[in-house]
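Accompanying notes for the structure given below.
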Amino acid sequence: MDQAVADLTEYADGVGMFFDRTTDGALDADAVKESINGLIQTLAAAVDSLAAGDPQAFADLKAAADHMVMGAATMAEGLSEAAAGVVDDNAVALADAVGGLAGNEQRDPFLDLWCDHIGYFVDYAGAVAEGDDDSADSALMALDAYRSDAGEFFGDIPSGELPAEDAEEGLSMHVQTVAGAIDSLNEALVQN
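What follows is the structure, encoded as structure tokens:
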């Protein structure tokens, strides 16, 4: 058993470094290693209890199972932070592109507008996952207002390349598609 624990501890070191590297530090190597080592210790205690016929074995197995959930939550939090970083980087790149095409004075107003809409989608996803229909409806209303604001933003760009109505229509499809994806993911992953 000691060799198995040593091998698993070495594995935890490697996994910690892997997640730290692949998430650019959003999942800290030491935090991942600590979580996995906790799981290793609770599983080892459960196996020892079972092998010894100890009546505590069930409680040890339950502790191991609880630790798996905590470990998954630690990793999910880090992945969530990494995803938020990617979304933020994308928003800045998109704002830079809009500023380059429509004029630098349009960059920051677009970035604010875009980030607001991302927040509305986050609000919608949280409300849907919690089954809070009122908050989900409020988020959809905010997204509808965003469509109008963004349409006006693009319609006001002096070149007039994108009329407000066309921007609003395109954004309507965007909102429907992303909200539909959130609904589908909720149905498949959260509600089941």
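1082 is the number of the first residue of the sequence shown in the numbering used here; add one for each residue after it.
Yeah, the Cβ is synthetic: ideal placement off N, Cα and C, and Gly gets one too.
Bear in mind the structure is a predicted one, so any value in this text is a computation, not a measurement.
Give a yes or no on whether the C-beta atoms belonging to residue i and residue j are separated by under 7 Å.
{"i": "Ala1220", "j": "Ala1231", "result": "no"}
{"i": "Val1256", "j": "Leu1224", "result": "yes"}
{"i": "Phe1235", "j": "Leu1194", "result": "no"}
{"i": "Ala1093", "j": "Glu1162", "result": "no"}
{"i": "Ile1238", "j": "Ala1183", "result": "yes"}
Under the assumption that residue i contacts residue j (Cβ atoms under 8 Å), give the Cβ distance between them as a whole number of angstroms.
{"i": "Ile1263", "j": "Val1209", "result": "6 Å"}
{"i": "Val1113", "j": "Val1086", "result": "Contact flag wrong, Cβ pair sits at about 18 Å."}
{"i": "Ala1260", "j": "Tyr1205", "result": "6 Å"}
Spatial neighbours of residue i within its chain, please: C-beta separation below 7 Å, excluding the five flanking residues on both sides.
{"i": "Ala1089", "result": "Here residue 1089 turns out to be Leu, not Ala, going by the sequence shown. Taken in chain order, the residues that qualify are Ile1121."}
{"i": "Ile1199", "result": "Val1168 and Ala1172"}
{"i": "Leu1244", "result": "A small fix is needed here, since residue 1244 is Pro in this sequence, not Leu. Once the five neighbours on either side are set aside, the close Cβ partners of Pro1244 are Gly1236."}
{"i": "Tyr1201", "result": "Ala1220, Ala1223, Leu1224 and Tyr1227"}
{"i": "Asp1111", "result": "Gly1097"}
Under 6 Å Cβ to Cβ from residue i, same chain only, skipping five residues before and after it: list those, please.
{"i": "Phe1191", "result": "Ala1176 and Val1179"}
Can you list, in chain order, the residues of its chain whose CB lies under 8 Å from that of residue i, leaving out five sequence neighbours each side?
{"i": "Ser1253", "result": "Arg1228"}
TODO: Count the CB pairs spanning the region 1162 to 1178 and the region 1222 to 1238 that are closer than 8 Å, and state whether there are at least three.
DONE: Judged by Cβ distances under 8 Å, the region 1162 to 1178 makes no contact with the region 1222 to 1238, as fewer than three pairs qualify.
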